[in-house]
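Engineer:
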Amino acid sequence: MTEYDYEALGLVAGLEIHQQLDTATKLFCQCPTDLREPAAATRSFTRYLHPTRSELGELDDAAVEESMVEREFEYLAYDSTCLVEEDDEPPHELDDEALETVLEIAQLMDMNPVDQAHVMRKIVVDGSNTSGFQRSSLIATDGEIETSDGAVGIEDLMLEEESAQRVEETDDGVRYSLDRLGIPLVEIGTRPDISTPEQALEAAERIGMLLRSTGKVKRGLGTIRQDVNVSIEEGARVEIKGVQSLDDIDDIVRNEVGRQAELVEIRDELEAREASVGDTQDVTEVFEDTDSGVIQGALNSGGSVMAVPLYGFDGLVGREIAPDRRLGTEFSDHAKRHGAGGIFHTDELPAYGVTDEEVAALRDAVGVDPEDAVAIVADETEIAENAIEAVADRAATALEGVPEETRGANDDGTTRYLRPLPGAARMYPETDVPPVEPDPSDVPEPELLTAKVERYQDEYDLGEGLAEQVAYGKYMPLFEDIVADGVDPTLAATTLESTLTELRRDDVPVEALTREHIEDVLEMADDGDLPNEGVPDLLTVLAEEPEQTAEAAAEDAGLGGADEDEVREAVVEVVERNESQVEDEGMQAFSGLMGECMGALRGKADGDLVSQLLREEIQKRA
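With full-length UniProt numbering applied, the sequence shown corresponds to residues 1 to 622, in that order.
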């Protein structure tokens, strides 16, 4: 991977971290924050969304472009969602639990809460909100975190509602699920103090640790998302949305620096060539007898082939600007935003069924020379016309260098064009929710995870590795509650971090286990009503039959603690069955017979008791 002199390039980066809060109810209603399977939906409805004007009568460019493709949005509703999510009932007041959690986060980053928090509407017309906007409120400002390369300022801390979850594309648009819509979401925006990819990763890790220290954030895929703002001195600010994996942040920054640097070099080369972008043209006649499947398919459906001459662009449209992405890929992204499947360009032709003769005819039709390039779009006529205009606009931007825009993160660490950067016209006041006055005085500052690790070792006598697993694991809040109730810390820690992991690897549906299941099982074991060895078996039963209580499941499965007489009877039976081995090997037979005894008792007896009685019986016969 190419390394750059980031200081010389003038790299400036900032982060936006979006984290779901693990509250009992949603931000503006009393619905639970649990996710559902689409198959559980009780009904659906459809909407069409369009941008609205700000208080000053302005339209946001990003919202306008988003609305240019007419789409129908279908929403799945559940018995756990209500009219607030459907935008058929006004929102309720801000959730108290969510507000308290955000104030805890503010303390961890040394931020100043606002005197009064007002809810704003942020225009979003991609279908992810039934209302056409997202509700958001500024809670705190002016914080700071430390990294090994210096402090990174925290600009603002927002409390927002999570968007609806995208289920799938439909023939007419997109299908969304309302289960996620309205879950409280905290957004943390840093100042542009980050100067290397490594510092970006470290800052994100630090913020993630602080968030998890509250014990009040959701865990798992999709519950935290990172956006990255990146620019270099001769480039432009680019907002990269939806970085799912924290480990990808440094690669995202590194690749974006490379992309902008390449676009600057392309700009300089285009300037040296006195390049320009011509007018779009209909070149359908050139391809009337083509063997290209893509073009033929468009023409057979009554479509057209539209072209734009790119004077002085030869060899540059196909130039790589990021791993497996070229300037032509950027053009294609813009065409796709207007409904087209993509573009062809002369830097890659002849190919895809397009012949040398057709390329020559195309060049003649639009009047270009060998140092020029041509891009074409084949699709329904209206789509092709809009898409080729978008390609022409993007090509014109290449003459200027790096465009300011919002891009989406790809799985390979590269990015793709999404829409223009949003502007101030995107926000306007929410009149249905009264302002609140955040009061941090009664909000305790959470204990950092790093401090928890040390405390678990000192107070609970856990090893460093196990203490770290528990502190950083998703079951940390449950561990603390269980231990506070008197359960042995080692039993609780090993169950949460080892036993559940092993059961998951054995395909036991541990996600069906509730907090109450785990608490009840550990309390039974701690009280002596269930041997420690029976914990995995009882958790397995409850995972497969979650409607049962721990006590009932243990009784049905015969997992209650056996008394000493029952255990001795089982041990004697095993020893007698292996009498010749005991006589020959003596105590060396212990390991093999111990496993057989535990299997015979099926988790009904404590291992220490079985071990003691087995040793006694072997010694009698050895």
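For glycine and all other residues, C-beta sits at the position ideal for the given N, C-alpha and C.
Please read these numbers as outputs of a predicted model, since none were measured by experiment.
Apply the 10 Å Cβ neighbour rule to ASN255 and answer buried if 16 or more other Cβ atoms are within range, or exposed otherwise.
Structural biologist: buried
Engineer: Taking 8 Å as the threshold (C-beta atoms), are ILE252 and THR415 in contact?
Structural biologist: yes
Engineer: Could you tell me which residues DSSP pairs with TYR48 in its beta bridges?
Structural biologist: TYR48 pairs with nothing; no bridge assigned.
Engineer: Does MET209 come out as helix, strand or coil in the three-state DSSP assignment?
Structural biologist: helix
Engineer: Are there 16 or more other CB atoms within 10 angstroms of the CB of ASN386, so buried, or fewer, so exposed?
Structural biologist: buried
Engineer: Roughly how many whole angstroms lie between the Cα atoms of GLY293 and LEU362?
Structural biologist: 17 Å
Engineer: What separation, rounded to the nearest whole angstrom, lies between the Cα atoms of HIS517 and ASP95?
Structural biologist: 28 Å
Engineer: Buried or exposed: which applies to PRO429, given that a residue is buried once 16 or more other Cβ atoms fall within 10 Å of its Cβ?
Structural biologist: exposed
Engineer: I'd like the span of the beta strand (DSSP E) that includes MET158, first residue to last.
Structural biologist: 150–161
Engineer: On the criterion of 16 or more Cβ atoms from any shown chain inside 10 Å, does THR223 qualify as buried, or is it exposed?
Structural biologist: buried
Engineer: Within this structure, are the beta carbons of ILE197 and GLY14 separated by less than 8 Å?
Structural biologist: Before going further, note that residue 197 is Pro rather than Ile in the sequence given. No, the pair does not count as a contact, with Cβ atoms beyond the cut-off.
Engineer: Can you tell me whether ASP411 is helix, strand or coil according to DSSP?
Structural biologist: coil
Engineer: Judging by CA-CA distance, which residue of GLN581, GLY153, GLN469, LEU593 is the nearest neighbour of ALA570?
Structural biologist: LEU593
Engineer: In whole angstroms, give me the CA-to-CA distance for ALA164 and GLU144.
Structural biologist: 31 Å
Engineer: Quick one: which unbroken beta strand (DSSP E) runs of 3-plus residues sit fully inside the region 259–334? Chain order, please.
Structural biologist: 304–311, 320–322
Engineer: Might you give, ordered along the chain, the residues of its own chain that have their beta carbon closer than 8 Å to the beta carbon of VAL257, omitting 5 neighbours on each side?
Structural biologist: TYR4, TYR6, LEU9, LEU11, PRO197, VAL230, ILE232
Engineer: Count the other CB atoms, across all protein chains shown, that sit within 10 Å of the CB of ASP126; report buried if there are 16 or more and exposed otherwise.
Structural biologist: buried
Engineer: Give a yes or no on contact between the region 141–157 and the region 450–462, applying the rule of three or more CB pairs nearer than 8 Å.
Structural biologist: The region 141–157 makes no contact with the region 450–462: fewer than 3 CB pairs, one atom from each, lie closer than 8 Å.
Engineer: Between which two residues does the beta strand (DSSP E) containing LEU15 stretch?
Structural biologist: 12–20
Engineer: Rounded to a whole number of angstroms, what is the C-alpha to C-alpha distance between ASP420 and VAL186?
Structural biologist: Checking the sequence, you will find Pro at residue 420 rather than Asp. Whole-angstrom Cα-Cα distance: 24 Å.
Engineer: Ignoring anything shorter than 4 residues, give me the alpha helix (DSSP H) runs that lie fully in the region 352–400, in order along the chain.
Structural biologist: Counting whole runs of 4 or more residues, the region 352–400 contains the alpha helix (DSSP H) stretches 356–366, 381–398.
Engineer: By a C-beta neighbour count over all protein chains shown, 10 Å radius and 16 as the cutoff for buried, is residue 630 buried or exposed?
Structural biologist: Limits of the chain in this structure are 1 at one end and 622 at the other, which puts residue 630 out of reach.
Engineer: Quick one: what's got a C-beta closer than 6 Å to GLU85's C-beta in the same chain, skipping five residues either side?
Structural biologist: LEU178, LEU181, GLY182
Engineer: Between ASN112 and PRO444, what straight-line distance do the alpha-carbon atoms span, to the nearest angstrom?
Structural biologist: Taking the straight line joining both Cα atoms gives about 15 Å.
Engineer: Taking the CB atoms as reference points, tell me whether ALA392 and VAL277 lie closer together than 8 Å.
Structural biologist: yes
Engineer: So, are the CB atoms of ALA204 and GLN226 less than 8 Å apart?
Structural biologist: yes
Engineer: At a cut of 8 Å, does the region 75–85 reach the region 31–44 through at least three beta carbon pairs?
Structural biologist: yes
Engineer: I'd like to confirm the pairing. Which residues does DSSP put opposite HIS118 in its beta bridges?
Structural biologist: HIS118 is not bridged to any residue.
Engineer: In three-state terms, what does DSSP make of THR190?
Structural biologist: strand
Engineer: If contacts are defined as beta-carbon pairs under 8 Å, then LEU159 and GLY208 qualify, I think. What distance do you get, rounded to the angstrom?
Structural biologist: About 18 Å; that fails the 8 Å criterion.
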